[in-house]
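Peer 1: Its first residue numbered 23, the sequence shown is counted upward by one per residue in this note's numbering.
Where a beta carbon is used, it is the ideal one built from N, C-alpha and C, also for glycine.
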Amino acid sequence: SAGVPAAMRKALFVALWSASARLPVVALDCGWIPSDNCEDVKEGACGCREAHPEGPCSLCNPTSTCRSACCGPSCPGASGPPAAPAAQAFAPAAPPAVER
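1. Please state the DSSP three-state secondary structure of S52.
2. Give me the Cβ distance between C60 and C92, rounded to the nearest whole Å; I'm assuming they're in contact under 8 Å.
3. Are there 16 or more other CB atoms within 10 angstroms of the CB of D58, so buried, or fewer, so exposed?
4. Taking just the CA atoms, how far does L81 sit from R71?
5. Whose CA, out of A49, P95, G77 and I55, lies closest to the CA of R89?
6. Under a Cβ-count criterion, where at least 16 other Cβ atoms within 10 Å of its own Cβ denotes burial, should A73 be classed as buried or exposed?
7. Among the candidates D62, C68 and N83, whose CA atom is the shortest distance from the CA of L50?
8. Does DSSP classify C70 as helix, strand or coil?
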């Protein structure tokens with residue numbers, strides 16, 4: 023920050039925060055992907071498939087299909103029954119006050 027005028031730091035911070043405020047921020051627990059049976063096509067499941075293309079199922083379009091020899095909790099390498107995807111969307115907090 024040294025050498026960068028405070029007004030420029032503030033403008034950059036506000037621009038970055040404004041851009042992030044327009045993007046959806048989602049926290050997903052995708053530990054169930056190895057056991058995915060490709061049946062759930064809700065936002066959380068589809069987000070996990072997109073984040074983990076190495077999983078056994080295709081991306082949702084609008085359904086998901088098995089791309090492996092076996093999909094589901096009974097397949098070799100699966101980690102047991104799939105847990106329900108947990109997705110919590112949240113909006114970014116207001117930007118903190120910037121020193122002038």
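Peer 2: The answer reads as follows:
1. Inspection of the sequence shows that residue 52 is occupied by Cys rather than by Ser. In the three-state DSSP reduction, C52 falls in the coil class, being neither helix nor strand.
2. In fact, because the Cβ distance is near 11 Å, the residues do not count as touching under 8 Å.
3. buried
4. When rounded, the distance between both Cα atoms is 6 Å.
5. That would be G77, whose Cα lies nearest to the Cα of R89.
6. exposed
7. Ranking D62, C68 and N83 by CA distance to the CA of L50 puts C68 first.
8. helix
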